[in-house]
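For reference, the structure is listed below as structure tokens.
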Amino acid sequence: MPSATPESHAPRIVLGVTGGIAAYKAVELLRQFRDAGYFVSPVLTRDATRFVGALTFSALGSEPARVALYGDALTPIPHTFLGQHADLIVVAPATAHFIARYAMGLADDLLSATVMASRAPVLVCPAMHTEMWEQPSVQENLATLRRRGVMVLEPEAGHLAGGDQGVGRLAEPEAIVALARHILEGYRGILSGRRVLVSAGGTREALDPVRVMTNRSSGHQGYALAEVAARWGARVTLVTSSPRELALDVRRRVDVVAFESAADLAAVMLERADDHDVVVMAAAVADFTFDAAPEKMKKEDGVPTLTPRPTTDIVSALSARRRRGQVMVAFAAETRDLEEQARAKLRRKDVDLIVANDVSSPGAGFAVTTNEVLMLGRDGSVARISRRPKEAVAAEILIKVASLLSQGAS
Ligand code: CTP
Numbered sequence: 001m002p003s004a005t006p007e008s009h010a011p012r013i014v015l016g017v018t019g020g021i022a023a024y025k026a027v028e029l030l031r032q033f034r035d036a037g038y039f040v041s042p043v044l045t046r047d048a049t050r051f052v053g054a055l056t057f058s059a060l061g062s063e064p065a066r067v068a069l070y071g072d073a074l075t076p077i078p079h080t081f082l083g084q085h086a087d088l089i090v091v092a093p094a095t096a097h098f099i100a101r102y103a104m105g106l107a108d109d110l111l112s113a114t115v116m117a118s119r120a121p122v123l124v125c126p127a128m129h130t131e132m133w134e135q136p137s138v139q140e141n142l143a144t145l146r147r148r149g150v151m152v153l154e155p156e157a158g159h160l161a162g163g164d165q166g167v168g169r170l171a172e173p174e175a176i177v178a179l180a181r182h183i184l185e186g187y188r189g190i191l192s193g194r195r196v197l198v199s200a201g202g203t204r205e206a207l208d209p210v211r212v213m214t215n216r217s218s219g220h221q222g223y224a225l226a227e228v229a230a231r232w233g234a235r236v237t238l239v240t241s242s243p244r245e246l247a248l249d250v251r252r253r254v255d256v257v258a259f260e261s262a263a264d265l266a267a268v269m270l271e272r273a274d275d276h277d278v279v280v281m282a283a284a285v286a287d288f289t290f291d292a293a294p295e296k297m298k299k300e301d302g303v304p305t306l307t308p309r310p311t312t313d314i315v316s317a318l319s320a321r322r323r324r325g326q327v328m329v330a331f332a333a334e335t336r337d338l339e340e341q342a343r344a345k346l347r348r349k350d351v352d353l354i355v356a357n358d359v360s361s362p363g364a365g366f367a368v369t370t371n372e373v374l375m376l377g378r379d380g381s382v383a384r385i386s387r388r389p390k391e392a393v394a395a396e397i398l399i400k401v402a403s404l405l406s407q408g409a410s
């Protein structure tokens with residue numbers, strides 16, 4: 001998986017290049033995409049490499065060019081990774097052959113499998129001889145693709161290979177870049193330009209070098225919030241106790257920071273909160289910690305005496321020093337009197353929104369993939385979100401957050 005590079009927040013373009021003479025122009029197109037600040041992953045068909053070497057694309061791309069569907073050293077399943085992480089796929093030049101295979105839904109090489117494995121917008125830029133361009137089969141295939149939402153930038157008239165003249169020349173790189181920018185900007189989500197800080201998972205308080213006190217939080221709800229916020233255009237910092245156990249689909253806009261204890265979490269949150277427009281405390285934080293024994297506690301020393309010390313109430317500390325317009329969201333894990341307890345926490349923690357769940361009810365709370373919550377806003381709003389996947393709950397929470405942001409919160 002590509003690591004977090006300084007440009008990892010840049011929109012990601014998969015540049016697909018197929019086997020036509022205009023493949024040489026894709027080199028210039030790649031350079032212009034990079035100059036415009038995009039992260040570009042070149043994907044070449046085998047025939048494209050007959051016209052221009054993959055090395056040229058590797059040298060100019062944000063990562064090495066890929067050709068093979070299997071056996072990729074960078075990513076084990078390249079087509080799904082590329083497809084899912086792309087903000088835009090541009091195929092330039094697109095041959096009549098590629099267009100036919102795409103229209104039929106064939107997925108037998110890396111580029112055709114990548115377009116199939118993606119929900120990103122796709123821009124196809126055909127280039128071919130006039131006779132081929134005018135074939136009803138080509139035009140019908142393009143009509144099929146257009147009907148399915150694929151965008152087509154038509155070729156221009158001019159010189160073609162072999163000294164011919166006519167329609168079929170690949171659109172100029174400047175025109176392709178301008179259209180790509182337009183498409184990318186049109187796909188900005190409701191949290192675009194916002195920075196969201198999410199904590200997820202449970203704290204672990206050391207009792208001795210071997211033992212910890214922890215809780216049942218799995219981190220799923222926090223991950224779902226990070227994921228959906230990133231998909232909706234936010235830049236996300238995810239502070240998590242389970243960086244290895246859970247996977248994120250949308251890594252490109254998420255910086256992951258690990259924590260272990262309540263004190264670690266407090267330090268990270270207090271340091272980072274100022275840089276974020278939204279803070280969501282989805283982590284389950286221990287209310288007490290201990291002075292950990294320096295050596296392992298032994299049975300023969302008898303039943304140990306543990307002296308708990310209270311931890312910092314992180315979300316209250318963050319609310320107390322929040323900047324204007326910053327939206328603060330807390331969770332409330334309860335086993336009884338959900339609404340009453342949640343109302344009290346909303347006031348006590350001085351947050352904009354509290355998301356309360358009854359952790360004793362099946363299908364809600366800890367260590368399950370669904371949740372059922374009550375959302376109470378400082379503005380008096382009350383919303384009951386019935387049981388659904390945590391990702392769908394995250395979407396409801398973030399819609400509310402986006403509306404609070406647009407109102408300037410508190
Ligand atoms: N929280 C926090 N710091 C703590 C404890 C909790 O920031 N030391 C946050 C949690 O992340 C959550 C909210 O406060 O967003 C409520 O957590 P919860 O455990 O439900 O409430 P507590 O404040 O711990 O109160 P109690 O345990 O008495 O119900």
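In terms of our numbering, the sequence shown has 168 at position 168, counting the first letter as 1, and numbering is strictly consecutive. Glycine included, every Cβ here is placed at the ideal spot set by N, Cα and C.
Inter-residue spacing [alpha-carbon to alpha-carbon] between residue i and residue j
i: Val382; j: Leu376; result: 5 Å
i: Val90; j: Ser241; result: 38 Å
i: Ser218; j: Leu184; result: 34 Å
i: Val14; j: Pro64; result: 12 Å
i: Ala320; j: Ala402; result: 22 Å
i: Arg231; j: Gly189; result: 7 Å
i: Val196; j: Ala86; result: 21 Å
i: Pro2; j: Val393; result: A caution first: Pro2 carries a pLDDT of 41, below 50, which makes its placement in the model unreliable, though a value can still be read off. C-alpha separation (whole angstroms): 29 Å.
i: Ile21; j: Glu28; result: 14 Å
i: Leu207; j: Asp313; result: 20 Å
i: Phe259; j: Gly222; result: 14 Å
i: Ala107; j: Ala267; result: 48 Å
i: Ala262; j: Val198; result: 15 Å
i: Thr203; j: Asn215; result: 7 Å
i: Val276; j: Arg336; result: Inspection of the sequence shows that residue 276 is occupied by His rather than by Val. Cα to Cα, the separation comes out at about 33 Å.
i: Gly37; j: Leu74; result: 22 Å
i: Leu225; j: Arg181; result: 27 Å
i: Ser112; j: Leu398; result: 34 Å
i: Arg244; j: Gly363; result: 24 Å
Residue i - DSSP class collapsed to helix/strand/coil
i: Glu134; result: coil
i: Val382; result: strand
i: His276; result: coil
i: His85; result: helix
i: Arg324; result: coil
i: Glu185; result: helix
i: Arg194; result: coil
i: Arg31; result: helix
i: Ser41; result: strand
i: Phe51; result: helix
i: Val177; result: helix
i: Met297; result: coil
i: Thr18; result: coil
i: Gly163; result: helix
i: Val257; result: strand
i: Asn215; result: coil
Buried versus exposed call for residue i [16 or more other C-beta atoms within 10 Å across all chains shown]
i: Ser406; result: exposed
i: Val210; result: exposed
i: Thr369; result: exposed
i: Tyr70; result: exposed
i: Ala367; result: exposed
i: Met269; result: buried
i: Lys25; result: buried
i: Pro42; result: buried
i: Gln326; result: buried
i: Pro294; result: exposed
i: Met104; result: exposed
i: Ala59; result: exposed
i: Ala92; result: buried
i: Glu391; result: buried
i: Met328; result: buried
i: Arg146; result: exposed
Close-in-space but distant-in-sequence residues of the same chain around residue i (CB under 8 Å, 5 per side omitted)
i: Met151; result: Pro121, Val122, Leu123, Val124, Leu179, Ile183
i: Gln341; result: Ala332, Glu334, Ala356
Proximal residues to residue i (C-beta, below 7 Å), its chain only, five neighbours per side dropped
i: Leu338; result: Ala356, Asp358, Leu374
i: Ala333; result: Ala284, Asn357, Val359, Gly365
i: Ala330; result: Met281, Val315, Lys345, Lys349, Val351, Ile354
i: Asp72; result: Arg66, Pro78
i: Pro310; result: Asp287, Phe288
Reference residue i; option with closest CA among the options
i: Lys400; options: His79, Arg272, Ala229; result: Ala229
i: Leu306; options: Val256, Phe290, Val315, Ala127; result: Phe290
i: Arg378; options: Pro362, Leu404, Val177; result: Leu404
i: Met213; options: Gln135, Pro308, Lys299, Asp275; result: Pro308
i: Thr237; options: Ala224, Arg244, Asp255, Pro243; result: Asp255
i: Asp109; options: Asp47, Ile397, His220, Gly363; result: Asp47
i: Val278; options: Arg322, Glu300, Val257; result: Arg322
Cβ-based neighbour list, residue i, same chain, cut-off 6 Å, excluding 5 preceding and 5 following
i: Ala4; result: Residue placement at Ala4 cannot be trusted, given a pLDDT of 37 that sits under 50; what the coordinates show is reported in the next sentence. Answer for Ala4: no residue qualifies.
i: Phe39; result: Glu7, Ala10, Arg12, Ser62
i: Gly83; result: Thr114, Ala117, Ser118
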